[in-house]
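Residue numbers (this note's numbering): 1182 to 1454.
Even glycine gets a Cβ: it sits at the ideal position worked out from N, Cα and C.
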Ligand SMILES: [Fe+2]
């Protein structure tokens, strides 16, 4: 089951850091729409270390790489080690999931996909479809989700995946959502202990509750997409990250933090991604 347990620092809550869409390259000279994604990720890590908040686990919710390369994952592993926290990840549309599973252990990064921490469990799903941007959840991933939930009926559950399961009201981006989201949502709605569905992919923050389940997306550590934009557009917002505090009664508190936009300004003239 790829299951691990992590003891939280505090008995009454679990502290989570979400990092997403780093889009790292293997080569130092590459840029993503003009942004040095390794430099922006390092600036994010520096700010997090400076803040010194409690962090029990780090969740990296996909698009760790921009070029699918071995060296980009080696870079991620080397950089994330600075936090000295347990790190768990899932693949995004810009990742090579099978390569990641093969090499991450060599870099000291876990490949566990079901993390038990205090009164909560986290399920790291694969929704990647090779070489296309949209997501699709396969029956074996649905079975895995069901198994984890059924194995731990007394734990609150956070389902983590790369692709959004809700529209962000940007036509170009919404065509790249989890295409068969109804299959996942149909499953989790039957399970009363699923509290949160956490994603990356949309490079912008969303946070809403529907039918008792919270849906959250988070800013990228690299470039941000313009909210409510019909066509592709970049947003003048800084690279960001999200803290989540999950308490023993099932309550979720969360905050997005960002670094200054001026430090990593993308090329706004670029018309695509
Ligand atoms: Fe991304």
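_Is any non-hydrogen atom of ligand 1 found closer than 7 Å to the C-beta of residue 1384, if you look at the structure I gave you?_
Yes; taking the cut-off as 7 Å, the Cβ of residue 1384 has a heavy atom of ligand 1 nearer than that.
*Starting from residue 1305, trace the beta strand (DSSP E) both ways and give me its first and last residue.*
Start and end: 1301-1305.
*When we look at the beta-carbon of residue 1412 and count the other beta-carbons within 10 Å, is it buried (16 or more) or exposed?*
Under this definition residue 1412 is an exposed residue.
_Classification of residue 1186 by the beta-carbon crowding that lies within 10 angstroms, buried from 16 upward_ = Only exposed fits residue 1186, as fewer than 16 other CB atoms lie within 10 angstroms of its CB.
*Cβ separation of residue 1292 and residue 1388, assumed to be a contact under 8 Å, to the nearest whole Å*: A Cβ-Cβ separation of about 29 Å leaves residue 1292 out of contact with residue 1388 under the 8 Å criterion.
*Who are the Cβ neighbours of residue 1315 in its own chain at under 6 Å, not counting the five residues just before and after it?*
Only residues of its own chain outside the window of five on either side were considered, and among them 1357, 1360 have a CB closer than 6 Å to the CB of residue 1315, listed in chain order.
*Beta-carbon separation of residue 1226 and residue 1260 under 8 Å?*
Going by C-beta atoms, residue 1226 is nearer than 8 Å to residue 1260.
*Which one or two residues does DSSP pair with residue 1270 in a beta bridge?*
Its beta-bridge partners are 1241.
*Note down, one range per segment and in chain order, each beta strand (DSSP E) of at least 3 residues found wholly within the region 1208-1258.*
Every beta strand (DSSP E) stretch that sits fully inside the region 1208-1258 and reaches 3 residues is listed by chain position as 1238-1241.
_I need the DSSP call for residue 1339, collapsed to helix, strand or coil._
In this structure, DSSP gives residue 1339 an extended state, which the three-state scheme calls strand.
*With 16 other CB atoms within 10 Å as the buried threshold, where does residue 1311 fall?*
Exposed, by the Cβ-count rule.
*Verify the contact flag: residue 1275, CB atom, against every heavy atom of ligand 1, threshold strictly below 7 Å.*
Residue 1275 Cβ: within cutoff of ligand 1.
*Provide the residue span of the alpha helix (DSSP H) that contains residue 1363, from first to last.*
1362-1369 is the extent of the alpha helix (DSSP H) around residue 1363.
*Whose C-alpha, out of 1406, 1394, 1240, is nearest the C-alpha of residue 1372?*
Among 1406, 1394, 1240, the Cα nearest to that of residue 1372 is on 1394.
_C-alpha distance - residue 1344 paired with residue 1191, whole-angstrom precision_ = A direct Cα-to-Cα measurement between residue 1344 and residue 1191 gives close to 31 Å.
*Which same chain residues, not among the five before or five after residue 1455, have their C-beta less than 6 Å away from its C-beta?*
Outside the shown range of the chain, which is 1182 to 1454, sits residue 1455, and nothing can be said about it.
*Run the proximity test for residue 1401: is its beta-carbon closer than 7 Å to any non-hydrogen atom belonging to ligand 1?*
For residue 1401, the distance from the CB to the nearest heavy atom of ligand 1 is below 7 Å.
_C-alpha distance - residue 1402 paired with residue 1324, whole-angstrom precision_ = Using only the alpha carbons, I get a separation of about 31 Å.
*Is residue 1204 near ligand 1, in the sense that its beta carbon is under 7 Å from a heavy atom of that ligand?*
Yes.
*Which value, in whole angstroms, describes the spacing of the CA atoms of residue 1241 and residue 1446?*
In this structure, the alpha-carbon of residue 1241 lies about 23 Å from that of residue 1446.
*Hey, residue 1420 and residue 1385: beta-carbon distance below 8 Å or not?*
Not in contact: residue 1420 and residue 1385 (Cβ atoms no closer than 8 Å).
*According to DSSP, what are the bridge partners of residue 1298?*
As DSSP reads the structure, residue 1298 sits in a beta bridge with 1187, 1301.
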